[in-house]
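Residue numbers (this note's numbering): 2 to 77.
Just below is one structure, and these are the notes that go with it.
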């Protein structure tokens, strides 16, 4: 059985409406989401960061190779 955990935050804000003259309390509910959904999104972000890091390393290596070839070509 899967247990669903929700983080619920309740914020109350009091405002006076000028047309009715009564004090009205507005309640807003914010549901932060399920814990498992957070884990899945964190795993997805981690995978994206790993791919971007690998692309950065590959790009750096290719730039170094180009610099070496240009140096060799200009010194000949």
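Quick reminder that beta carbons are idealized off the backbone N, C-alpha and C, glycines included.
Just so you know, the alpha carbons of residue 52 and residue 64 end up roughly 18 Å apart. Rounded to whole angstroms, residue 76 and residue 66 show a C-alpha spacing of 16 Å. Rounded to the nearest angstrom, the gap between the Cα atoms of residue 40 and residue 61 is 31 Å. Shown here, residue 63 sits in a helix according to DSSP, grouped into three states.
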